[in-house]
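Student: The structure is given below, and queries will be raised subsequently.
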Amino acid sequence: MDSAARDILALARRGLLRGATGLAALAVAQPPRARAQAPGNPFTLGVASGDPWPDSVVLWTRLAPAPLEPGGGMAPVPVTLRWELAADAQMRRILRSGEVVARPEEAHSVHLVLYGLEPARTYFYRFRFGAFETPIGRTRTAPGPDTDRDIRFLNAGCQNFEHGHFTAWRHAAAEEQIDFVFHYGDYIYEYAGRQSGSRGWGPVVRTHHGGETLTLDDYRSRYAQYRTDPDLAAAHAAHPFVVTYDDHEVENNWVGLISQRDGGARFPVATPPETFALRAAAAFQAWYEHMPVRPAAKPRGTEITAYRRLRFGRRLDLHVLDTRRFRDDQPCGDGNVVPCAAVDRPDAQVLGTAQEAWLRANVNASPGTWRVLAQQIFLAPRRFPRGTLSMDSWDGYPAARQRLLDMFAGRPGGVVLTGDVHRAWANEVGPLVEFVGTSISSEGDGSDIQATAPEIMAANPHLRFNSNRRGYTLHVAGRDQLHAIYRAVPFVQQPDAPLTTAGHFVTSLRGGGVERA
């Protein structure tokens with residue numbers, strides 16, 4: 001680990017803030033109407049950066065001295081923060097500085113987009129409010145369009161706070177020379193808090209604050225609880241993130257503004273669309289407030305555009321997809337079921353017509369060696385025992401999947417990043433290869449291999465690897481090969497698990513497919 005990485009990790013481990021002198025300092029720095037803020041550290045949620053371009057990056061923080069309370073303990077007035085950008089981890093060589101306003105309408109979060117930066121350069125940053133300051137964050141801009149070098153990135157997500165510790169994020173923070181972290185979603189889980197030993201899905205290692213998330217205050221509080229985790233905070237402070245959402249940022253298995261409680265056999269009492277729209281709008285707003293994304297992702301009620309493209313030199317084009325917002329309702333009643341006739345609809349939509357056309361145009365125009373689809377749900381066909389398929393995966397929409405595969409026909413270098421299923425997989429899908437990341441903590445400790453995996457893999461020989469351990473995936477996009485190194489921890493229901501390698505796979509430009517490295 002280089003010295004800068006050690007400095008960042010050490011700062012994060014010592015807590016989310018250095019230095020504090022109390023509310024008196026805030027009162028001096030702020031106008032009288034802002035003095036109603038509760039005393040204490042306003043930077044409990046740390047810092048983050050994201051969406052790196054060659055000339056710019058997003059810097060994020062949020063003021064929340066009482067993070068689990070409505071409003072985060074802040075008075076409902078705008079406040080002005082100072083920011084600094086430096087060339088060194090000790091913040092001695094300040095390159096730029098300025099002010100930015102944190103507004104109550106966005107939960108006093110800040111999305112500072114700094115332009116005019118140098119490509120492929122590491123920067124350090126912090127925010128200040130009165131006598132308080134954030135931990136020092138580290139970020140990195142993307143390489144310029146003519147740069148031809150390896151790109152190192154992580155794929156991770158599915159972090160259920162109740163199911164275990166986020167130790168994998170601490171290890172991710174220590175990874176060196178990372179260009180970005182793709183977070184595929186399930187950043188939070190919407191379920192009500194449970195006590196240890198209570199019935200429900202998964203173990204209870206620590207408890208969610210409050211009930212099921214339904215309102216804007218609920219979602220803000222849940223994000224704040226997750227953001228106070230020191231291991232997650234360390235990862236955000238160490239690397240720029242590229243984030244999207246999956247289902248649990250709103251509600252399990254929602255699609256297209258249709259609630260899982262859709263009046264079918266599993267949930268006979270339906271949530272009216274207009275009621276669910278209120279919940280979705282609150283969820284999208286809270287997601288935006290807590291993610292280091294650009295203003296283009298700011299929601300307008302239930303309208304949100306999270307899909308986008310990022311370029312990393314000549315080596316990698318990253319197409320970030322949204323497989324929830326524009327999708328048709330899951331066919332055959334959702335769940336793992338024997339497929340019904342509705343699965344065969346030729347006009348079935350996962351991406352929606354506009355996003356699908358956008359992706360087709362970008363794939364056709366992409367100059368990158370590797371065309372990477374950063375998305376959420378299982379792409380490869382996966383037949384379970386007794387002939388069932390998952391209707392919440394691309395298996396529920398085979399016509400939409402075929403249209404996606406047709407985009408890559410005859411084009412080498414197509415790679416898909418996936419999450420959602422809490423297991424690591426490596427798959428071959430026509431002209432594409434798919435690397436499925438496991439969970440950070442969801443479903444607890446796990447095991448070396450899923451119990452039904454041998455039977456599933458025997459029925460689906462294009463599925464080449466399975467691991468049921470928690471962790472993340474390190475990818476290296478090289479000139480001729482792209483590597484997938486599955487990092488794992490042996491347990492999450494206790495803290496301080498060591499890091500291991502569960503598998504190492506590679507795909508080649510010439511041969512395609514998935515092979516063990």
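In UniProt numbering, the protein residues as written are 1 to 517. Where is the CB? At the ideal position from N, CA and C, for every residue including glycine. As the structure is a prediction and not an experimental result, all values here were calculated from the model.
Straight-line CA distance for L359 to H319?
Tutor: Position 359 of the sequence shown, counting from 1, holds the residue named residue 359. Position 319 of the sequence shown, counting from 1, holds the residue named residue 319. L359 and H319: Cα-Cα distance of roughly 8 Å.
Student: Are the CB atoms of H171 and L474 within a distance shorter than 8 Å?
Tutor: As a first step, residue 474 must be located in the sequence shown, where it is residue number 474. As a first step, residue 171 must be located in the sequence shown, where it is residue number 171. Against a cut-off of 8 Å, the Cβ pair of H171 and L474 comes out as no contact.
Student: Could you give the first and the last residue of the continuous alpha helix (DSSP H) run that contains D317?
Tutor: In the sequence shown, counting from the first residue as 1, residue 317 sits at position 317. Taken as a continuous stretch (DSSP letters only), D317 belongs to no alpha helix (DSSP H), being part of the beta strand (DSSP E) at L316 to V320.
Student: For H504, which of helix, strand or coil comes out of DSSP?
Tutor: Counted from its first residue, the sequence shown places residue 504 at position 504. Strand, per DSSP.
Student: Taking DSSP as the reference, what is the three-state secondary structure of H171?
Tutor: The residue labelled residue 171 in the question sits at position 171 within the sequence shown. H171: helix per DSSP, three-state reduction.
Student: I449: which of L432, N468, S439 and N460 sits nearest, CA to CA?
Tutor: Working through the sequence shown from its first residue, we reach residue 449 at position 449. For I449, the nearest C-alpha among the options comes from N468.
Student: Under the assumption that G333 contacts G264 (Cβ atoms under 8 Å), give the Cβ distance between them as a whole number of angstroms.
Tutor: Indexing the sequence shown from 1 puts residue 333 at position 333. Indexing the sequence shown from 1 puts residue 264 at position 264. The pair is a contact, with the Cβ atoms about 5 Å apart (cut-off 8 Å).
Student: Going by beta-carbon coordinates alone, are R487 and T501 separated by less than 8 Å?
Tutor: Counted from its first residue, the sequence shown places residue 487 at position 487. Counted from its first residue, the sequence shown places residue 501 at position 501. In contact: R487 and T501 (Cβ atoms closer than 8 Å).
Student: Less than 8 Å between the beta carbons of residue 519 and A173, yes or no?
Tutor: Since the first residue shown for the chain is 1 and the last is 517, residue 519 is missing from the structure and cannot be characterised.
Student: Could you work out which residue in A48, R371 and E356 is closest to T139 when comparing CA atoms only?
Tutor: Looking up residue 139 in the sequence shown gives position 139. Of the candidates A48, R371 and E356, the one whose C-alpha sits nearest the C-alpha of T139 is A48.
Student: Give a single yes or no on whether D347 has its beta carbon closer than 7 Å to a heavy atom of the ligand MG.
Tutor: Inclusion of the ligand MG in the displayed structure is not the case, the ligand content being empty and no account of it being possible.
Student: Could you have a look at T80 and say whether DSSP puts it in helix, strand or coil?
Tutor: As a first step, residue 80 is located in the sequence shown; it is residue number 80 there, counting from the start. Three-state DSSP puts T80 in a strand.
Student: What distance in whole Å lies between the Cβ atoms of G419 and P143, which are believed to be in contact at a cut-off of 8 Å?
Tutor: Mapped onto the sequence shown, residue 143 falls at position 143. Mapped onto the sequence shown, residue 419 falls at position 419. Not quite, the Cβ-Cβ distance comes to about 25 Å (not below 8 Å), so this is no contact.
Student: Exposed or buried, what is R33 when buried is set at 16 or more other beta-carbons lying within 10 Å of its beta-carbon?
Tutor: Reading the sequence shown from its first residue, position 33 is the one you call residue 33. Legend: pLDDT at R33 = 38, less than 50; position of this residue unreliable, value from coordinates given subsequently. Answer is exposed; the Cβ neighbour count stays below 16.
Student: For I94, does the count of other Cβ atoms within 10 angstroms reach 16, so buried, or fall short, so exposed?
Tutor: Here the question's residue 94 lines up with position 94 in the sequence shown. It counts as exposed.
Student: In angstroms with no decimal places, state the Cα-to-Cα distance between L154 and A477.
Tutor: Taking the first residue of the sequence shown as 1, we reach residue 154 at position 154. Taking the first residue of the sequence shown as 1, we reach residue 477 at position 477. Distance between the alpha carbons of L154 and A477 is about 11 Å.
Student: List the endpoints of the continuous alpha helix (DSSP H) containing Q355.
Tutor: Working through the sequence shown from its first residue, we reach residue 355 at position 355. Q355 -> alpha helix (DSSP H) spans T353 to A365.
Student: Would you call the CB atoms of H236 and G46 closer than 8 Å?
Tutor: Here residue 236 corresponds to residue number 236 of the sequence shown, with the count starting at 1. Here residue 46 corresponds to residue number 46 of the sequence shown, with the count starting at 1. Yes, the Cβ-Cβ distance between H236 and G46 is below 8 Å.
Student: Report the rounded CA-to-CA distance for V269 versus S56, giving the unit in angstroms.
Tutor: For the purposes of this step, residue 269 is taken as the residue at position 269 of the sequence shown. For the purposes of this step, residue 56 is taken as the residue at position 56 of the sequence shown. Cα-Cα distance, rounded: 48 Å.
Student: List, from N- to C-terminal side, the beta strand (DSSP E) runs of 3 residues or more that fit wholly inside the segment 258–334.
Tutor: 308–312 and 316–320, all fully within the segment 258–334.
Student: Would you list the residues sitting across from H183 in a DSSP beta bridge?
Tutor: Locating residue 183 in the sequence shown gives position 183, where the first residue counts as 1. DSSP output for H183 lists A156 and V243 as bridge partner(s).
Student: Would you identify the three-state DSSP class for Y191, choosing helix, strand or coil?
Tutor: In the sequence shown, counting from the first residue as 1, residue 191 sits at position 191. It is coil, neither helix nor strand.
Student: Rounding to the nearest angstrom, what Cα-Cα distance links W287 and E249 in this structure?
Tutor: To locate residue 287, count along the sequence shown from 1; it is residue 287. To locate residue 249, count along the sequence shown from 1; it is residue 249. Near 7 Å, if we compare the C-alpha coordinates of E249 and W287.
Student: Give every residue of the same chain whose Cβ lies closer than 8 Å to the Cβ of I258, excluding the five residues on either side of it in the sequence, and list them in chain order.
Tutor: Along the sequence shown, one-based indexing puts residue 258 at 258. Result list for I258: P273, F276 and D329, in chain order.
Student: If you run the structure through DSSP and keep just helix, strand and coil, what is E133?
Tutor: As a working mapping, residue 133 is identified with position 133 in the sequence shown. Here E133 sits in strand by DSSP.
Student: Between the segment 336–352 and the segment 378–391, can you find at least three pairs of beta-carbon atoms closer than 8 Å?
Tutor: Enough Cβ pairs lie closer than 8 Å, so yes.
Student: Rank D218, W201 and P203 by C-alpha distance to the C-alpha of H209 and give the top, closest one.
Tutor: Along the sequence shown, one-based indexing puts residue 209 at 209. Closest option to H209, Cα to Cα, is D218.
Student: With distances taken between CB atoms, is the gap from G503 to P412 smaller than 8 Å?
Tutor: Along the sequence shown, read from residue 1 onward, the residue named residue 503 stands at position 503. Along the sequence shown, read from residue 1 onward, the residue named residue 412 stands at position 412. Result no, Cβ atoms of G503 and P412 do not sit closer than 8 Å.
Student: Quickly, what does DSSP pair L428 with across the bridge? List them, please.
Tutor: Along the sequence shown, one-based indexing puts residue 428 at 428. According to the sequence displayed, residue 428 carries Glu and not Leu. BP columns for E428 point to V433.
Student: What is the residue span of the alpha helix (DSSP H) that Q402 lies within?
Tutor: Here residue 402 refers to the residue found at position 402 when the sequence shown is read from its first residue. Start and end: P398 to M407.
Student: Starting from R470 and walking both ways along the beta strand (DSSP E), at which residues does that stretch end?
Tutor: Position 470 of the sequence shown holds residue 470. That run of the beta strand (DSSP E) goes R470 to A477.
Student: Following the continuous beta strand (DSSP E) through I485, name the residue where it begins and the one where it ends.
Tutor: On the sequence shown, position 485 is the one that residue 485 refers to. Here the beta strand (DSSP E) through I485 covers Q481 to V489.
Student: For A24, does the three-state DSSP call read helix, strand or coil?
Tutor: Looking up residue 24 in the sequence shown gives position 24. Only weak support exists for where A24 lies, its pLDDT of 29 falling under 50; the coordinates are left without a value.
Student: Mind checking R510: buried by the 16 CB within 10 Å criterion, or exposed?
Tutor: What you label residue 510 is simply residue 510 of the sequence shown in a count that begins at 1. That one is exposed.
Student: Mind pulling the alpha helix (DSSP H) runs of 4 or more residues that sit fully within the UniProt domain "Phospholipase D N-terminal" (45–141)?
Tutor: You should have found no qualifying run.
Student: Hey, out of P135, N362 and T122, whose CA is closest to L310's CA?
Tutor: Stepping through the sequence shown from its first residue, residue 310 is reached at position 310. When each option's Cα is compared against that of L310, the closest is N362.
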